[in-house]
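>
Protein chains: 2
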Amino acid sequence: MKQNEITILGAGLIGSLMAIYLKRQGLDVSVYDKRPDKRKTPYYEGGRSINMALSHRGWKSLEQVGLKDKVLPLAIPMYGRKVHDEHGGTTFIPYGKNKQAIYSISRGKFNQLLAEEAERLGAVINFEHKCVDVDFSNQEITFETKEGIYKKEAPVIIGADGAYSSLRMAMQKQIRFNYKQEYISHGYKELTIPATSKGEFAMDPNALHIWPRGKFMLIALPNPDKSFTCTLFLPFEGSKVCFEKINDDSDLESVFKHYFDDAYQLMPNLKEEYFKNPTAALINIECYPWVQGHSILLGDASHAMVPFYGQGMNCGFEDCYILNSYLDKFGHNSWDLVFEKFQKQRKPDTDAICQLAMENFVEMRDSVADPKFILRKKIEAKLHDLYPNDWIPLYSMVTFSDMGYAEAYAQGKLQEAVMDKVMADPLITENWDKLDYEEIINIMETAKAV
Amino acid sequence: MKQNEITILGAGLIGSLMAIYLKRQGLDVSVYDKRPDKRKTPYYEGGRSINMALSHRGWKSLEQVGLKDKVLPLAIPMYGRKVHDEHGGTTFIPYGKNKQAIYSISRGKFNQLLAEEAERLGAVINFEHKCVDVDFSNQEITFETKEGIYKKEAPVIIGADGAYSSLRMAMQKQIRFNYKQEYISHGYKELTIPATSKGEFAMDPNALHIWPRGKFMLIALPNPDKSFTCTLFLPFEGSKVCFEKINDDSDLESVFKHYFDDAYQLMPNLKEEYFKNPTAALINIECYPWVQGHSILLGDASHAMVPFYGQGMNCGFEDCYILNSYLDKFGHNSWDLVFEKFQKQRKPDTDAICQLAMENFVEMRDSVADPKFILRKKIEAKLHDLYPNDWIPLYSMVTFSDMGYAEAYAQGKLQEAVMDKVMADPLITENWDKLDYEEIINIMETAKAV
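Chains as they are written, first to last, in this note's numbering: chain A, 9 to 458; chain B, 9 to 458.
1) So tyrosine 191 of chain A contacts chain B; which residues on that side make the cut at Cβ distance below 9 Å?
2) Which residues in chain A have a C-beta closer than 8 Å to the C-beta of alanine 289 of chain B? List them in chain order.
3) Within 10 Å of its beta-carbon, does asparagine 322 of chain A have 16 or more other beta-carbons around it, so buried, or fewer, so exposed?
4) Suppose the cutoff is 7 Å on Cβ atoms and the five residues either side in sequence are ignored; what does the same chain contact list for phenylalanine 316 of chain A look like?
5) Could you have a look at glutamate 261 of chain B and say whether DSSP puts it in helix, strand or coil?
6) Provide the residue(s) that pair with histidine 194 of chain A in DSSP beta bridges, ordered along the chain.
7) Between which two residues does the beta strand (DSSP E) harbouring isoleucine 59 of chain A extend?
8) Exposed or buried, lysine 31 of chain A, counting other C-beta atoms within 10 Å across all chains shown (16 or more means buried)?
9) Can you name, in chain order, every residue of its own chain whose Cβ lies under 6 Å from the Cβ of threonine 15 of chain A, other than the five neighbours on each side?
10) Please report the distance separating the alpha-carbon of arginine 47 of chain A from that of leucine 21 of chain A.
11) Whole angstroms is fine: what's the gap from glutamine 447 of chain A's alpha carbon to phenylalanine 264 of chain A's?
12) First and last residue of the beta strand (DSSP E) that includes tryptophan 219 of chain B?
13) Who are the near neighbours of lysine 423 of chain B in its chain, counting only those whose CB is closer than 8 Å to its CB and skipping five residues on each side?
14) Whose C-beta lies closer than 8 Å to the C-beta of glutamate 148 of chain B among residues of the same chain, with five residues either side of it excluded?
15) Is the CB-CB distance between isoleucine 110 of chain B and glycine 318 of chain B below 8 Å?
16) If you reduce the DSSP assignment to three classes, tell me which class isoleucine 293 of chain A lands in.
17) Classify valine 132 of chain A: buried if its beta carbon has 16 or more other beta carbons within 10 angstroms, exposed otherwise.
18) Apply the 10 Å Cβ neighbour rule to aspartate 169 of chain A and answer buried if 16 or more other Cβ atoms are within range, or exposed otherwise.
19) Pick out whichever of A/Ala178, A/Gln189, A/His92 has its Cα sitting closest to the Cα of aspartate 212 of chain A.
20) Go through its chain and collect everything with a Cβ distance to alanine 171 of chain A's Cβ below 7 Å, but skip five positions before and after it.
21) Count the other CB atoms, across all protein chains shown, that sit within 10 Å of the CB of aspartate 357 of chain B; report buried if there are 16 or more and exposed otherwise.
22) Fully enclosed by the stretch 375-452 of chain A, which alpha helix (DSSP H) runs are 4 residues long or longer?
23) If I'm right that arginine 65 of chain B touches aspartate 410 of chain B with Cβ under 8 Å, what's the distance once you round it to whole angstroms?
24) For the stretch 186-194 of chain B against the stretch 279-287 of chain B, are there 3 or more C-beta pairs whose distance is under 8 Å?
25) In the DSSP output, which residue or residues are listed as bridge partners for glutamine 21 of chain A?
26) Exposed or buried, which one is threonine 200 of chain A when buried takes at least 16 other CB atoms within 10 Å?
27) For histidine 92 of chain A, which beta-bridge partners are listed by DSSP?
28) For a test of your reading of the model: does the CB of methionine 26 of chain A fall under 7 Å from any non-hydrogen atom of the ligand SAM? Yes or no.
29) If we cut at 8 Å on Cβ distances, does glycine 97 of chain A have a partner in chain E?
30) Going by beta-carbon coordinates alone, are phenylalanine 135 of chain A and aspartate 45 of chain A separated by less than 8 Å?
31) Exposed or buried, what is asparagine 231 of chain B when buried is set at 16 or more other beta-carbons lying within 10 Å of its beta-carbon?
32) Under a Cβ-count criterion, where at least 16 other Cβ atoms within 10 Å of its own Cβ denotes burial, should glycine 130 of chain B be classed as buried or exposed?
33) Taking 6 Å as the limit between beta carbons, can you name the residues of its chain near lysine 197 of chain B, skipping five residues before and five after?
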């Protein structure tokens, strides 16, 4: 077996970045994707989110492979959440400190940039190759192509083939593979706020817009063409407002006029788009082990998460970063060791971010509309200003640092307990500026030490 | 679509019993199984447990289809657990009241009896038919046979094809299918205590023998040929005693002599069997929904559980019983309604028994060796004697009644809390017979009412 021949399944964002890393390691890299080459046969990405929020962990990897400057022009910084209430009023909640932003980026062009960089470095991308089986004892993949079915030896296999991974499907039939796939009760639908007639953004482009409505919400992210991609998250069924109960123009209009009127005024194509676009489901996937022989799962294939922390892609990019660092450390002839170290280190972190993503849905659709929540964020921001090393808000640890997600999660839980006590003061709204901030830090330090 | 043409996947215990029920309903029934017909081609059931414990829920179904008297001769009653300590001493803990027993039965002959009864009633069993795909929108199954691959229309499909169900695999690719498969850290290996040289049972045949050793255990169930089938449960790896560390005769001998010496003296073929038989894994499977169009999962296919409550088969038989009762109620033209009612009613119960089976492992391998545990069982038995309707021990609710598993689970948790308080008395060992039993019942009744 030639350990320097690497097969990557999936030419998406994660598969392409991993191919770049491995080419930079001087390895032979072949990538296989079931979809056609979008440059030759454009196709509709039905049911996949178009916009993503690129943040620190993602940028760190892109910088390492020398792509930061090429990606920046595709990305629009969002410095905070702009929360829209039912009467059209808005509140801005910064994500972090001054200049800290997450970046709105569209999947299509970004993916193409990464895939072309992989090709430029010598990776071969084979499109319209569907992996239908993997034989782990012989490290052999069965592909289905237009020309028929064939088998290929693959000494090292990296499955970056997403939430519906073929490699994982094959692993699931192996003994002692633990696996969980869980759909949440909500689905989503993508909609658009186009540029104005003057060709301008219809709202502030440097924010992630949210219309939180308790059990459901609408969000909007800016695009370089001055449109916004909106995503409507509703329960599938069983609620007053749910996908099941929107069946015609009049149902749709009444929901949008009632709950999202300011957005509605900016959506001339709402009715057409709503009934044309698919209603997609949201899945959380956890599994273990990620490794079977010389095959490993990466990104969504091993830990698909719901999108509410904006970390799916960033976490997948960090997977590539960490796997690459183990290759630096142990070389190219110790895949067993590299893969084993990687999965042992990484699993607690991906479990934590999957959990955080689930928990953040309630924050986005509900808490952000609560004045107490906004005040809480203010107090935390001030703590962070005064004691930048001793109090880093959870959102910042996840989004603007590369601290392990599990560590961030644990510290976040401590912060939450401390802040619950702070917020329990009935006069907090009046007194928040006069709090004994040093005392809060001391309580936190004591809690950490326990 | 002909709604009276039923296709059952799997000719195992559950598939065969379901075929019997449906034939008695006057429906057309075709059964498909990937294995060969054991009557023509005997094969080795590697990795499947040979012995099961048939109890009330199982008998109830067999009685309903008129098979109780035919099955009885295959079954050996076990009235309690016989616990073996490390010095060869034994303690008997009854399962229930006088004459209440669970019945040791071997898979092979029992399965054959059920399959032949299904055939006698007119069901057609097609062996060596592997289901490789199911198209739910067209209700079409793809089978792989020796003669090649073919497709068959199947208006109603019942997947009784076990923990590694093909029907479930197909469902897993459908949207919004929630699924979890979890392997526990222990595996098992089957061994034998043969009949004595005089052709007698080597131990009391009317008990389930247990050698509880904390983190691991050995059990033995009697067979009609006067042998016992033993099952050794050990962690796969990472413990002082585990499968990974038993690599030769001397490792094996030292474990058995040290921990199971009385059993070891009765196992002349231990070494040969140990290294010949596979080490099998133990899986827990939960999923939902069980229904997709006119297809439904039944038994292990929808809720495979670890074997420690002896309920896997009994629960599967009860699935058949309940599904049949909905057919009685709603007729043969309302499969949507029958399937929907079934899954809604049944899911909380199968979740509860999966959980109980997991929890009972600790009881079997550890608690039963504790004198306090035995005393606790005695007190509960006395409560049951004095107040037969107000205090039914959890084990009896599960094993000797047909109360819903979820209800039994909930009552069991209340009993546990009450008994924890009773057992907290430091003089309980001396005073247990003089307790105010009526007061205990009153506490329990109050807890139930809350």
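The C-beta atom is built at its ideal place from N, Cα and C for all residues, glycine as well.
Looking at the coordinates:
1) By one-based count along the first sequence, residue 191 of chain A stands at place 183. For tyrosine 191 of chain A, the chain B residues whose Cβ falls inside 9 Å of its Cβ are Ile183, Arg184, Phe185, Asn186, in order along the chain.
2) Translated into the one-based positions of the second sequence, residue 289 of chain B becomes position 281. Taking the beta carbon of alanine 289 of chain B as reference, the chain A residues within 8 Å of it are Ile183, Arg184, listed in sequence order.
3) The residue you call residue 322 of chain A lines up with position 314 of the first sequence. Counting C-beta atoms within 10 angstroms of its own C-beta, asparagine 322 of chain A has 16 or more neighbours from the protein chains shown and is therefore classed as buried.
4) For the purposes of this step, residue 316 of chain A is identified with residue 308 of the first sequence, where counting begins at 1. So the list reads Ala365, Asn368, Phe369, Met372, once near-sequence residues are dropped.
5) Counted from its first residue, the second sequence places residue 261 of chain B at position 253. Note: glutamate 261 of chain B maps to helix in three-state DSSP.
6) Walking along the first sequence from the start, residue 194 of chain A turns up at place 186. Partner(s): A/Pro243.
7) Locating residue 59 of chain A in the first sequence gives position 51, counting from the first residue. The question names isoleucine, but residue 59 of chain A in the sequence shown is asparagine. 59-62 is the span of the beta strand (DSSP E), which, as asked, contains asparagine 59 of chain A.
8) Residue mapping note: residue 31 of chain A aligns to position 23 of the first sequence, counting from 1. Per the 10 Å Cβ criterion, buried.
9) In the first sequence, the residue the question calls residue 15 of chain A occupies position 7. Around threonine 15 of chain A: Ser38, Ala162, Ile165.
10) Within the first sequence, residue 47 of chain A is the residue found at index 39, counting from 1. Within the first sequence, residue 21 of chain A is the residue found at index 13, counting from 1. Whole-angstrom Cα-Cα distance: 15 Å.
11) The count along the first sequence starts at 1 and reaches residue 447 of chain A at position 439. The count along the first sequence starts at 1 and reaches residue 264 of chain A at position 256. Correcting the residue type first, residue 447 of chain A is glutamate in the shown sequence and not glutamine. Going from the Cα of glutamate 447 of chain A to the Cα of phenylalanine 264 of chain A covers about 46 Å.
12) Residue mapping note: residue 219 of chain B aligns to position 211 of the second sequence, counting from 1. Tryptophan 219 of chain B -> beta strand (DSSP E) spans 216-220.
13) As a first step, residue 423 of chain B must be located in the second sequence, where it is residue number 415. A small correction: the amino acid at residue 423 of chain B is glutamine; lysine does not occupy that position in the sequence shown. Sequence-distant Cβ neighbours of glutamine 423 of chain B in its own chain, meaning closer than 8 Å and more than five residues away, are Glu388, Trp399, Pro401, Leu402, Met452.
14) Position 140 of the second sequence holds residue 148 of chain B. Same-chain partners within the cutoff: Val142, Lys159, Lys160, Glu161, Ala162.
15) The residue given as residue 110 of chain B occupies position 102 in the second sequence. The residue given as residue 318 of chain B occupies position 310 in the second sequence. For isoleucine 110 of chain B and glycine 318 of chain B, yes; Cβs fall inside 8 Å.
16) The residue given as residue 293 of chain A occupies position 285 in the first sequence. Of the three classes helix, strand and coil, the one that applies to isoleucine 293 of chain A here is strand, per DSSP.
17) Walking along the first sequence from the start, residue 132 of chain A turns up at place 124. Under this definition valine 132 of chain A is an exposed residue.
18) One-based indexing of the first sequence puts residue 169 of chain A at position 161. Burial state of aspartate 169 of chain A is buried, judged by a 10 Å Cβ sphere holding 16 or more other Cβ atoms.
19) Translated into positions along the first sequence, residue 212 of chain A becomes position 204. Of A/Ala178, A/Gln189, A/His92, the residue nearest in Cα terms is A/His92.
20) Against the first sequence, residue 171 of chain A aligns to sequence position 163. Once the five neighbours on either side are set aside, the close Cβ partners of alanine 171 of chain A are Ile291, Ile293, Asp308, Ala312.
21) The count along the second sequence starts at 1 and reaches residue 357 of chain B at position 349. Buried, because 16 or more other Cβ atoms sit within 10 Å of the Cβ of aspartate 357 of chain B.
22) Qualifying alpha helix (DSSP H) stretches, in chain order: 379-394, 402-407, 413-431, 436-439.
23) Along the second sequence, read from residue 1 onward, the residue named residue 65 of chain B stands at position 57. Along the second sequence, read from residue 1 onward, the residue named residue 410 of chain B stands at position 402. Confirmed, about 6 Å.
24) At 8 Å Cβ cutoff, the stretches do not touch.
25) Your numbering for residue 21 of chain A matches position 13 in the first sequence. According to the sequence shown, residue 21 of chain A is leucine rather than glutamine. Leucine 21 of chain A pairs with nothing; no bridge assigned.
26) In the first sequence, the residue the question calls residue 200 of chain A occupies position 192. Answer is buried; the Cβ neighbour count reaches 16.
27) Counting from 1 along the first sequence, the entry for residue 92 of chain A is found at position 84. Secondary-structure assignment with DSSP links histidine 92 of chain A through a beta bridge to A/Thr98.
28) Absent from the structure shown: the ligand SAM. Ligands present: none.
29) Of the chains in the structure shown, none is chain E; the protein chains are A and B.
30) Within the first sequence, residue 135 of chain A is the residue found at index 127, counting from 1. Within the first sequence, residue 45 of chain A is the residue found at index 37, counting from 1. Aspartate 45 of chain A is positioned such that its CB atom lies closer than 8 Å to that of phenylalanine 135 of chain A.
31) Position 223 of the second sequence holds residue 231 of chain B. The residue in question, asparagine 231 of chain B, is buried, as its Cβ has 16 or more Cβ neighbours within 10 Å.
32) Here residue 130 of chain B is taken as the residue at index 122 of the second sequence, counted from 1. Glycine 130 of chain B comes out exposed.
33) The residue labelled residue 197 of chain B in the question sits at position 189 within the second sequence. Sequence-distant Cβ neighbours of lysine 197 of chain B in its own chain, meaning closer than 6 Å and more than five residues away, are Leu240, Asn285, Thr287.
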